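> The following block contains the structure, expressed as structure tokens.
Right under this line is the structure:
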């Protein structure tokens, strides 16, 4: 599985995505609610929920809500009996063991709720970071970062630098590539002498609600790419992040003579390449009937459904990160960074119905890309047919895109330069080690590739 200042299409945004206009506390997103339920799924410790809730939780260090007069919720008897038998065999008193687990469950839930409360009350807001749109169609906007460096000499270099079209995922807003002044990927590329253009898809408007991937590539991405080429007079590099990498790949295959090079960051391909990837496929198979039922009555798949699916990928991780955040100094840099990332996570956008079916069912359940059956505008997308220079970054600790899935794409691209930094899906873009491990090597490759293809 967060932009409050990005221009939106002329329609009312859903409440969970309208963070730009929200002056009060942040909402408790569905993915947090899901995490709370999963946090409470331990065999014992459910009494913490019966006697305390996010709404009534006192702001204490351990959030111990006191004894529950109704007693703990009954766990699954066979599983619980097996755990107690193992405790007895180890010489541990089962009653004390159960009490210790209950206390630990309360402590973790309390830390999680304290973190959520601190996040919702944090004053940090993302403002004044997005350059004006230089091109727009429907809900899509294109932003030029050439003028973002503070140094005049670096601004001049960026204006004359090799153009790079940044293609984010359709699921989240592109602001992850321009998160803050301190950790803004697009800004850093401009500071290093490239000319980044960021594609911001926006929430599907009336024009996009009937779109599939084909329409997003042919009617949005390719015209934006043409604008960059006309504006700069040069063949642009194309950089895709996550799901955006697949759209960038389709663009490069459809216009190989116009693309100077292709960079793919955390981009999946073989969705059944490993046990971890298979688990995501099983989740997609389980969700498919529910998703199809939702889409039978709606033009888009709601953000809350997507958030719940992402929460299932690493439910324990969600609890850990909020417990850690709850212990951070509220005004410190680490807390501000956490809030910026989490705001991006919570500011997702719905998916057009056809896109949701094509990705969640076609990609994740049926593995159409990995099996060579994924098509855009009737053309089968084949990375082995590309002749443009390619650079692939595979974050080794990625829980969203398993490394094996991305490696399959790297192997299929002829002569691709491959990097596997020990980072996660978001950390590779905004983490403390991102510049040294990802951004700098990528910039060097981009500058070399641009010179060679000029």
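Residue numbers (my numbering): 102 to 555. Ideal Cβ placement from N, Cα and C applies to all residues, glycine included. Here the structure is a predicted model, which means the values were calculated and not measured.
Look at the alpha carbon of residue 411 and the alpha carbon of residue 345, and state the distance between them as a whole number of angstroms.
17 Å
> Which ranges does the alpha helix (DSSP H) cover as unbroken runs of at least 4 residues, wholly within the stretch 264 to 333, from first to last along the chain?
286 to 292, 314 to 317 and 323 to 333
> Could you tell me which whole beta strand (DSSP E) segments of length 3 or greater appear in the stretch 359 to 417?
Uninterrupted beta strand (DSSP E) stretches at least 3 residues long and entirely within the stretch 359 to 417 occur at 362 to 366, given in chain order.
> If I measure Cβ to Cβ from residue 374 and keep anything under 8 Å in the same chain, skipping five residues before and after, which residues do I get?
471, 503, 505, 506, 508 and 509
> For residue 491, name the three-state secondary structure that DSSP assigns.
strand
> Which residues mark the beginning and the end of the alpha helix (DSSP H) in which residue 552 is found?
According to the DSSP assignment, residue 552 belongs to the alpha helix (DSSP H) that extends over 541 to 554.
> Kindly list the residues whose CB is nearer than 8 Å to the CB of residue 282, restricted to its own chain and excluding five residues on each side of it in sequence; keep chain order.
Non-local C-beta neighbours of residue 282 in its own chain, meaning closer than 8 Å and more than five positions away in sequence, comprise 230 and 288, ordered along the chain.
> Output needed for residue 352: all residues of its chain with C-beta closer than 8 Å, excluding positions within five of it in sequence on either side, in chain order.
268, 318, 322, 323, 326, 339 and 360
> Excluding the 5 residues flanking residue 548 on each side, which residues of the same chain have their C-beta closer than 6 Å to its C-beta?
none
> Is it buried or exposed for residue 391, if we count other Cβ within 10 angstroms and need 16 for buried?
exposed
> Give the secondary structure of residue 440 by DSSP, where H, G and I count as helix, E and B as strand, and everything else as coil.
helix
> Rounded to a whole number of angstroms, what is the C-alpha to C-alpha distance between residue 241 and residue 370?
25 Å
> Please state if the CB of residue 491 and the CB of residue 363 are separated by a distance shorter than 9 Å.
If you check the CB distance, residue 363 and residue 491 come in under 9 Å.
> Measure the C-alpha to C-alpha separation of residue 487 and residue 519 and round it to an integer number of angstroms.
16 Å
> For residue 460, does the count of other Cβ atoms within 10 angstroms reach 16, so buried, or fall short, so exposed?
Counting the other Cβ atoms within 10 Å of the Cβ of residue 460 gives 16 or more, which makes it buried.
> Opposite residue 564 in the DSSP bridges: which residues?
For the chain, the structure presents residues 102 to 555; residue 564 sits outside this window and is missing.
> Can you tell which of 500, 312 and 233 has its C-alpha closest to the C-alpha of residue 419?
500
> Using the Cβ count rule (16 or more neighbours within 10 Å means buried), how would you classify residue 477?
buried
> How many angstroms separate the CA atom of residue 556 from the CA atom of residue 443?
It is not possible to answer for residue 556, since the shown part of the chain is limited to 102 through 555.
> Apart from the five residues just before and just after residue 250, which ones in its own chain have a Cβ nearer than 7 Å to its Cβ?
Cβ neighbours of residue 250 within its own chain (closer than 7 Å, five residues either side excluded): 256, 259, 291 and 292.
> At the level of alpha carbons, what is the spacing between residue 537 and residue 439?
20 Å
> Name the DSSP bridge partner or partners of residue 244?
234 and 299
> So what's residue 452 in DSSP terms, helix, strand or just coil?
Residue 452 falls in the strand class under three-state DSSP.
> Do residue 219 and residue 433 come within 9 Å of each other at the CB atom, strictly closer than that value?
no
> Tell me the residue span of the beta strand (DSSP E) that contains residue 518.
518 to 520
> Measuring straight from C-alpha to C-alpha, what distance separates residue 540 and residue 307?
36 Å
> So residue 305 and residue 401 are in contact, right, with Cβ under 8 Å, and what is the actual spacing, rounded?
6 Å
> Helix or strand or just coil, what does DSSP make of residue 502?
coil
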